[in-house]
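Novice: First the structure, which I've put down as structure tokens, then a few questions once you've had a look.
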Amino acid sequence: MPDGDEHAPTPAWKALGVTVAVSLLAIGLHTAVAHVSDPPPAPPLTLDARAPAEPRVGYFTWGRSPVLDEIERAFVDRLGEHDEVRVRVMSHTADFDLDNVEPLIARALATEELDVAVAVTTPLARALHTRSGQLPLVFAAITDPVGAGLVPSWENERGSRVTGVSAHCPEDSHLALIQELLPEARRVALLHDTQSELLPPLPFALLEARGLTLVPVRATARGEIPEMVGRIEAARADVVWVHTAWASPEVAFAGFDTLSRLTAERRLPIIASDTLQVRHGALAAQGLDMEAIGTAAAEAVLAILGGQDPGSLPVSRLGCGRPVLDLRRAAQLGVSVPPALAARAVTQLDDAPPAPSPPEAFLP
142 MPDGDEHAPT
152 PAWKALGVTV
162 AVSLLAIGLH
172 TAVAHVSDPP
182 PAPPLTLDAR
192 APAEPRVGYF
202 TWGRSPVLDE
212 IERAFVDRLG
222 EHDEVRVRVM
232 SHTADFDLDN
242 VEPLIARALA
252 TEELDVAVAV
262 TTPLARALHT
272 RSGQLPLVFA
282 AITDPVGAGL
292 VPSWENERGS
302 RVTGVSAHCP
312 EDSHLALIQE
322 LLPEARRVAL
332 LHDTQSELLP
342 PLPFALLEAR
352 GLTLVPVRAT
362 ARGEIPEMVG
372 RIEAARADVV
382 WVHTAWASPE
392 VAFAGFDTLS
402 RLTAERRLPI
412 IASDTLQVRH
422 GALAAQGLDM
432 EAIGTAAAEA
442 VLAILGGQDP
452 GSLPVSRLGC
462 GRPVLDLRRA
472 AQLGVSVPPA
482 LAARAVTQLD
492 DAPPAPSPPE
502 AFLP
């Protein structure tokens, strides 16, 4: 892959008035100065005496995708609202590769003189927690930070250098959406990554309680997607469930356009756990509010730069957002949308969080 990201597609937040400079020093590294033209009024931020005039925040994300980029866009936007304080965001991506995590973190910690680190997803948060010494750490988009050993409790405790944002939309809410939108569905294909050691148990009992049958389908790499879709069809699945707790990031994010195209050819609907995937072919999604996650992570960073002890900040716990539904895809698949669902869902995709570009564009 290239040494830097100067040829990568431009994330949406780069076009929103945020000043960005590109660095060639690290895998997927770019530097953003969080400054927005004519920002809305915001209370002044008084930096703690320990913080430099232009504090540096290391932002570590699992990879480039519309879902993860939306968290980063909201994060940078919130920092940029404090126009009296320039916060330099050193942004890094592991490109969905666990082998990149350790060298990426080691290089950043050795060269960037960071004041706070932000980790999006559990693998990055755990690696930073182990390697970053006493550097304050803010995690984001992690389901169970207590179980992952990042914080001692949801309330946290003084002396801890870690806080952050937990985001969890119960799996049963996705099944409820499937049954409301596709009442005839009985067999649910769930994509799962057999190479990950962090997966929760497959939810056989959860589906059985709703009278559904779980059809686990192994999928780890983008190149396996055509064969995987063939196995889904052979298993006579009625719907494909793409949940990031089980699916490989390379399939769920980077390969999602391919997945949605091949399933659409077979008239197989996709229900996703990330609402931005509806822009890329999912029929519907019941998931997280990525903008809220990024904003809450930025609030934690601003509090720490303002002198607060990370351990005094309880973990922010965010739940499900509004379901998002593509009415055009429903018509293509011959799905009748219940009026009650259409009334409470985001059905105008212009109202849904923006996606910078198709997911496959973000990986070489």
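Take 142 as the starting number for the sequence shown in the numbering used here and just add one per residue.
Idealized CB from N, CA, C, for every residue including glycine.
#1: I'd like to know if the segment 412-430 and the segment 301-319 are in contact, where contact means that at least 3 CB-CB pairs between them fall below 8 Å.
#2: Helix, strand or coil, according to DSSP, for alanine 386 in the structure here?
#3: Following the continuous beta strand (DSSP E) through alanine 282, name the residue where it begins and the one where it ends.
#4: With a threshold of 16 other CB atoms inside 10 Å of the CB of arginine 458, please say whether the residue is buried or exposed.
#5: Which residues does DSSP pair with threonine 202 in a beta bridge?
#6: Can you check whether the CB of glutamate 253 is closer than 8 Å to the CB of arginine 197?
#7: Could you name the residues that DSSP lists as bridge partners for arginine 328?
#8: Just to confirm, is the Cβ distance from glycine 435 to arginine 214 under 8 Å?
#9: Going by DSSP, what residue range makes up the alpha helix (DSSP H) through glycine 422?
#10: Compare the Cα-Cα distances from alanine 444 to each of Leu355, Ser477, Pro344 and Asp256 and report the closest residue.
#11: Whose C-beta lies closer than 6 Å to the C-beta of alanine 190 among residues of the same chain, with five residues either side of it excluded?
#12: Note down, in chain order, each residue of its chain lying with its Cβ closer than 7 Å to the Cβ of glutamate 243, except the 5 sequence neighbours on either side.
#13: So the beta strand (DSSP E) valine 303 belongs to, where does it begin and stop?
#14: For serine 401, does the three-state DSSP call read helix, strand or coil?
#15: Should glutamine 418 go down as buried or exposed, given a rule of 16 or more other Cβ atoms within 10 Å for buried?
#16: Report the residue from Leu278, Ala249, Pro324 and Glu349 whose alpha carbon sits nearest the alpha carbon of serine 477.
#17: Nearest to leucine 409 by alpha carbon, out of Trp295, Ile373, Glu440 and Leu340?
#18: For leucine 291, which three-state DSSP category applies?
#19: Which class does threonine 488 belong to by DSSP, given the choice of helix, strand or coil?
#20: Touching or not, the segment 227-247 and the segment 449-464, by the rule of three or more beta carbon pairs under 8 Å?
#21: For proline 341, collect the residues of the same chain with a Cβ closer than 8 Å to its Cβ; drop the 5 residues on either side in sequence, then sort them by chain order.
#22: According to DSSP, is leucine 239 helix, strand or coil?
#23: Among Asp467, His333 and Gln320, whose alpha-carbon lies nearest the alpha-carbon of alanine 350?
#24: Return the residue from the list Leu482, Ala405, Leu278 and Asp415 that minimises the CA-CA distance to asparagine 297.
#25: Kindly indicate which residue of Val217, Ala481 and Leu446 has the alpha-carbon position closest to the one of phenylalanine 201.
#26: Quick check: the segment 462-478 against the segment 445-452, are at least 3 beta-carbon pairs closer than 8 Å?
#27: Could you give the first and the last residue of the continuous beta strand (DSSP E) run that contains alanine 260?
#28: Is DSSP giving valine 456 helix, strand or coil here?
#29: Compare the C-alpha of leucine 482 against each of Trp382, Leu318 and Ala393 and name the closest.
#30: Given 8 Å as the limit, is there contact between the segment 285-295 and the segment 383-402, that is, 3 or more CB pairs closer than that?
#31: Could you give the first and the last residue of the continuous beta strand (DSSP E) run that contains alanine 360?
#32: Please list, in chain order, all residues of the same chain as aspartate 313 whose beta carbon is under 7 Å from its beta carbon, the five residues on each side excluded.
#33: Start and end of the alpha helix (DSSP H) containing alanine 317?
#34: Considering only the alpha carbon of each residue, which of Thr416, Ala251, Ala393 and Ala395 lies closest to leucine 466?
#35: Can you grab the Cα-Cα spacing for the pair valine 356 / arginine 299, in whole Å?
#36: Look at alanine 395 and valine 358 and say whether their C-beta atoms are less than 8 Å apart.
Specialist: Working from what's here:
#1: yes
#2: coil
#3: 278-283
#4: exposed
#5: Thr234
#6: yes
#7: Thr354
#8: yes
#9: Note, glycine 422: premise wrong, no alpha helix (DSSP H); not H, not E.
#10: Asp256
#11: With a pLDDT of 42 at alanine 190, under the threshold of 50, the predicted position of this residue should be treated as unreliable, and no value is reported.
#12: Ala268
#13: 303-308
#14: helix
#15: buried
#16: Pro324
#17: Ile373
#18: coil
#19: coil
#20: no
#21: Ala386 and Trp387
#22: helix
#23: Gln320
#24: Leu278
#25: Val217
#26: no
#27: 257-261
#28: coil
#29: Leu318
#30: no
#31: Counting along the chain, alanine 360 falls outside any beta strand (DSSP E), and DSSP gives it neither H nor E.
#32: Leu347
#33: 312-322
#34: Thr416
#35: 45 Å
#36: no
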